[in-house]
Amino acid sequence: PNQINNFYTINRQEMVLNICLSVLFAGSVDGGELFDRIIDENYKLTELDSVMFIRQICEGLRHMHKMYILHLDLKPENILCVSRLTNKIKIIDFGLARKYQPREKLRVNFGTPEFLAPEVINYDFVSFNTDMWSLGVIAYMLLSGLSPFLGDDDNETLNNILSCQWNFEEDEFLGISEEAKDFISKLLLINKGWRIGATEALKHPWLSDPAVHHRLRMKVHSAYTHTHTHKFNFR
1 PNQINNFYTI NRQEMVLNIC LSVLFAGSVD GGELFDRIID ENYKLTELDS
51 VMFIRQICEG LRHMHKMYIL HLDLKPENIL CVSRLTNKIK IIDFGLARKY
101 QPREKLRVNF GTPEFLAPEV INYDFVSFNT DMWSLGVIAY MLLSGLSPFL
151 GDDDNETLNN ILSCQWNFEE DEFLGISEEA KDFISKLLLI NKGWRIGATE
201 ALKHPWLSDP AVHHRLRMKV HSAYTHTHTH KFNFR
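For what it's worth, the UniProt record's numbering labels the leading residue of the sequence shown as 1, then goes sequentially.
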């Protein structure tokens with residue numbers, strides 16, 4: 001059977017797809033959910049931290065997509081920190097994952113409302129870029145502590161997604177780099193064909209440009225930290 005032994009992917013349960021697929025548990029994980037760091041008022045999450053988290057998630061997605069696997073339930077609760085002292089993470093919970101072949105007409109009708117891509121809500125065909133939409137939502141949340149489409153109820157949330165209503169006008173985005181905003185803007189696109197894939201995302205300046213990372217590092221060294229002053233309970 002095929003195995004995902006990539007550093008960023010582990011599993012809580014056996015996956016049963018149209019092939020025999022197992023996911024190796026790669027060591028202990030005791031750093032808690034990424035979600036917990038987003039909502040923790042005492043945890044100072046810098047933009048550079050967000051870069052490190054998103055880059056690892058992208059590397060995990062690239063590995064999965066090369067194996068023709070869609071996660072389809074990517075969210076902060078399904079990303080675990082290896083320890084409380086590092087920013088290393090693992091993607092978990094492949095209970096909704098699907099084996100996928102490009103150009104396959106695959107539809108799904110499940111997931112967590114806040115992170116659903118428009119094509120899932122519309123019961124349209126999904127693709128690798130369906131996971132990339134969810135990555136865009138996670139990036140937005142890491143940088144701001146806000147959920148971009150969250151409404152007062154699930155119906156309002158789904159309508160916000162379908163109308164692609166989101167922006168960077170909140171105060172939490174003051175001081176966030178243009179590269180970060182551009183990265184998110186290339187993911188939260190209603191047409192899945194326009195979104196960048198995992199490989200292209202890893203080449204984006206926000207994740208790959210040493211000059212950008214140096215600039216972000218200087219912010220940290222100058223005692224600048226972007227903290228989340230407005231937290232939502234995403235659950």
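Think of the CB as a built atom: it goes at the ideal place given N, C-alpha and C, for glycine as much as any other residue.
Sheet register partners of residue i (DSSP bridge)
i: Cys81; result: Ile89
i: Lys99; result: Ile69
Close beta carbons around residue i, own chain, < 6 Å, minus the five adjacent residues each side
i: Lys219; result: none
i: His65; result: Phe128 and Ala198
i: residue 236; result: The structure shown does not extend to residue 236, since the chain is modelled only from 1 to 235, so the question has no answer here.
i: Tyr224; result: Model confidence at Tyr224 stands at a pLDDT of 46, short of 50, so the residue's coordinates are unreliable; what they give is reported in the following sentence. Counting only Cβ-Cβ distances below 6 Å, and skipping sequence neighbours, we find nothing.
i: Lys105; result: Phe125
Assumed close pair residue i, residue j - CB separation to whole angstroms, cut-off 8 Å
i: Phe128; j: Leu70; result: 7 Å
i: Val108; j: Val137; result: In fact, because the Cβ distance is near 17 Å, the residues do not count as touching under 8 Å.
i: Arg62; j: Leu189; result: Contact doesn't hold; Cβ gap of about 19 Å is too wide.
i: Met141; j: Pro76; result: 7 Å
i: Thr130; j: Val120; result: 7 Å
i: Ile161; j: Pro102; result: Not confirmed; about 24 Å, so no contact.
Other residues of its chain near residue i: CB distance less than 7 Å, five sequence neighbours each side excluded
i: Leu48; result: His213, Leu216, Arg217 and Val220
i: Asp154; result: Pro113
i: Phe115; result: Leu74, Lys75, Ser134 and Val137
i: Tyr68; result: Lys99, Tyr100 and Gln101
Cutoff 8 Å; reference residue i; Cβ partners in own chain excluding five residues on either side
i: Asn159; result: Gly151
i: Asp209; result: Glu179
i: Ser50; result: Ala139, Leu142, Leu143 and Ala180
i: residue 252; result: The structure shown does not extend to residue 252, since the chain is modelled only from 1 through 235, so no value can be given for it.
i: His204; result: Glu179, Asp182, Phe183, Lys186 and Ile196
i: Ile57; result: Tyr8, Leu74, Ile79, Ile89, Ile91, Leu135 and Ile138
Neighbour-count burial assignment, residue i, 16 or more Cβ in a 10 Å radius
i: Glu169; result: exposed
i: Ser177; result: buried
i: Asn167; result: exposed
i: Lys192; result: buried
i: Cys81; result: buried
i: Gln165; result: exposed
i: Trp206; result: buried
i: Val200; result: Checking the sequence, you will find Glu at residue 200 rather than Val. Exposed: under 16 other Cβ atoms inside 10 Å.
i: Glu59; result: buried
- Query: Hey, is the segment 171 to 181 in contact with the segment 141 to 155, meaning 3+ C-beta pairs nearer than 8 Å?
  - Reply: yes
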